[in-house]
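Reviewing the structure listed below.
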Amino acid sequence: DVYSFDEEEPVLDPHIAKHLAHFGIDMLQMQVTENGLRDNDIKPRVSEWEVIQEAGVKLKPMYGPGYTGMKNLGNSCYLNAIMQAIFSIPEFQRAYVGNLPRIFDYSPLDPTQDFNTQMAKLGHGLLSGQYSKPPMKSELIEQVMKEEHKPQHNGISPRMFKAFVSKGHPEFSSNRQQDAQEFFLHLINLVERNPVGSENPSDVFRFLVEERTQCCQSRKVRYTERVDYIMQLPVAMEAATNKDELIAYELKRREAEAARRPPPELVRAKIPFRACLQAFTEPNNVEDFWSSALQAKSAGVRTSRFASFPEYLVVQIKKFTFGLDWIPKKLDVSIDMPDFLDINHLRARGLQPGEEELPDIAPPIIIPDDPKALDIDESSVMQLAEMGFPLEACRKAVYYTGNLGAEVAFNWIIAHMEEPDFAEPLVMPAFGEVASSGAAAFGAVGLDNQPPEEMVAIIISMGFQRILAIQALKATNNNLERALEWIFSHPELEEENEPALDMMNMENNTNANILAETGSEGPRIKDGSGRYELFGFISHMGTSTMSGHYVCHLKKEGRWVIYNDIRVCASERPPKDLGYIYFYHRIPS
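Take the sequence shown: its letter number 297 is residue 598 in the working numbering, and every next letter is one higher.
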């Protein structure tokens, strides 16, 4: 696969051997010595790249409002795909493009550093139609005369937008390929932190998850709610309907590899969607579960249900996982995703008659005498990494929470993900630093670190109670900024308080799971029916989120359209079974 950034599309390179030789790669020699194959021995087969990009089919270019492509800035296809999907949603169109005059009028002196200005500018570029016009007849005649049949593309360059939204982020600010799901959550975080108008467009994605955790020994339960924006659906590999074909393919592949013959034609696992949905509902074992009923570690299981259904349901297929060698890998599967989805049966029911709740007691903080002697629980690290968090951040979370399990480490991640060194490698700190980090993780108040009175006074002056100010400072080792963040992430400790809400908006201390609307009334949700219709999906080609290419398909005006960076065409064969992220909208009752 050769991609030309000048042409903004894949190209054929007849001189590929010569070009690779420039970098010291002898392609022809490598082909013979490594595989014992010649070029004409290899049988053509339809790859993931060809299917998702609908290669081999003459696609009709689309022009006009809503059919504008985005230039690839160098591994920025993840951003392009997400933004095309986002600006196909009416709530985002109204919030940014509908409010464009007001946003521009009230933009700061440097609009390049204003999120709402950049969103409005990008949305206008995609929806106005000014940058997606068909070629004139004279241009077509000139193409024919010059024997150039390549369609003309307009498109926009999201360079300024990318520079702003990725500023300060260790991954998105690079030119490396990224995970589209991670960028989606990053974008929602920015939308939450930069309100525009009275209605927040990200409300359409937000829903509440009810988690039921049960101690297997005492049978007591705990019900908790959390906010989420994505339904992560596991891949039920054991439910593949073509197991015999997969086994035969794997045997042939190994034989061909041993004999240095061409590999057999790929057989992709076919997974029923209902099996993936069933896997989502199954109880999961809680690693290193600490039972407050037993005051000790015990076996625990957790199930998740929807406490509310969002207006727009985003479904991520968990295709990316880690092998035994810790190398990320992708599950190449085909899932029969439905056009119409009904998940009303996943509605949460709350505490049931006969169930007894677990006591509300926090686990003890375990701090080793020698911090370097603490082994990191790699299974907990892997659990967190599979959720999409950076590997080094997962290691730090497990370390700083004393190996008390993935659940406690997850809470540490949520509380620290906005810190600039969040994804930096773990550096073993001194004893005192371990103590403070551990305390911050659990919100403990029993450590001997009485806060300075001036810091307490500052927080009180913002409208918070004294006892809450002391508790927050103790939990964060007297770090004023993190203490404020701690208060905002524990709304149950504070009654409705307008100064707290104002301060949150001013400080922008929120993340994808800690909301700007914290208060006694809880987060804003748009609950309703759990019946949905598919209107878009994003597909990934490649073996890892760190490489490959993203393409977006959207259903507009009754037909599917493919958005492949700058190229926007009518889709002939939308590969709905190979998607990575799916977008559903609620069907009105």
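Just so it is clear, CB atoms sit at the ideal spot from N, CA and C, and this is done for glycine as well.
{"Check": "Cβ separation of Ile531 and Gln617, assumed to be a contact under 8 Å, to the nearest whole Å", "Outcome": "5 Å"}
{"Check": "Nearest to Trp591 (by Cα), restricted to the options Asp529, Cys517 and Pro563", "Outcome": "Cys517"}
{"Check": "Opening and closing residue of the alpha helix (DSSP H) in which Ala557 lies", "Outcome": "Lys544 to Ala560"}
{"Check": "Min CB distance Gln772 to chain D below 8 Å", "Outcome": "Structure shown: chain D not included; a single protein chain is present."}
{"Check": "Complete beta strand (DSSP E) runs within the region 626 to 704 (minimum length 3 residues, chain order)", "Outcome": "629 to 631, 634 to 636 and 641 to 643"}
{"Check": "Close Cβ partners of Gln533 (< 6 Å) along its chain, the five nearest in sequence each way excluded", "Outcome": "Gln617 and Lys619"}
{"Check": "Buried versus exposed, by CB contacts within 10 Å (16 or more), Pro889", "Outcome": "exposed"}
{"Check": "Exposure of Lys422, with buried meaning 16 or more beta-carbon neighbours within 10 Å", "Outcome": "buried"}
{"Check": "Buried or exposed by the 16-neighbour rule on C-beta atoms within 10 Å, applied to Ile636", "Outcome": "buried"}
{"Check": "Completely contained alpha helix (DSSP H) runs for the region 706 to 730, where each covers 4 or more residues", "Outcome": "707 to 717"}
{"Check": "Which of helix, strand or coil DSSP assigns to Tyr833", "Outcome": "strand"}
{"Check": "Rounded distance between the beta-carbons of Tyr379 and Gln275, thought under 8 Å", "Outcome": "Nothing about residue 275 can be read from this structure; the chain reaches only from 302 to 890."}
{"Check": "Spatially closest choice to Phe690 from Tyr864, Asn712 and Glu483, by CA coordinates", "Outcome": "Glu483"}
{"Check": "Phe485 versus Ala871, Asn373, Arg868 and Ile839, residue with shortest Cα-Cα distance", "Outcome": "Ile839"}
{"Check": "Where Leu769 falls, given that 16 or more other Cβ within 10 Å makes a residue buried", "Outcome": "buried"}
{"Check": "Residue range of the unbroken alpha helix (DSSP H) whose run includes Ile489", "Outcome": "Ala481 to Arg494"}
{"Check": "Within 8 Å, strictly: CB atoms of Pro584 and Val568", "Outcome": "no"}
{"Check": "Through-space distance from Ala707 to Val528, alpha-carbon basis", "Outcome": "18 Å"}
{"Check": "Asp529, enclosing beta strand (DSSP E) - first and last residue", "Outcome": "Val522 to Asp529"}
{"Check": "Residues sharing a beta bridge with Val587, DSSP", "Outcome": "DSSP lists no partner for Val587."}
{"Check": "Straight-line gap, Val492 to Phe610 (C-alpha atoms, nearest Å)", "Outcome": "20 Å"}
{"Check": "8 Å contact criterion, which Leu360 and Ala871 should meet: CB distance rounded", "Outcome": "6 Å"}
{"Check": "Alpha helix (DSSP H) segment containing Asn381, residue limits", "Outcome": "Cys378 to Ile387"}
{"Check": "Cβ neighbour criterion (16 or more within 10 Å) applied to His487", "Outcome": "buried"}
{"Check": "CA-to-CA distance, Gly430 to Ser389, given in whole angstroms", "Outcome": "14 Å"}
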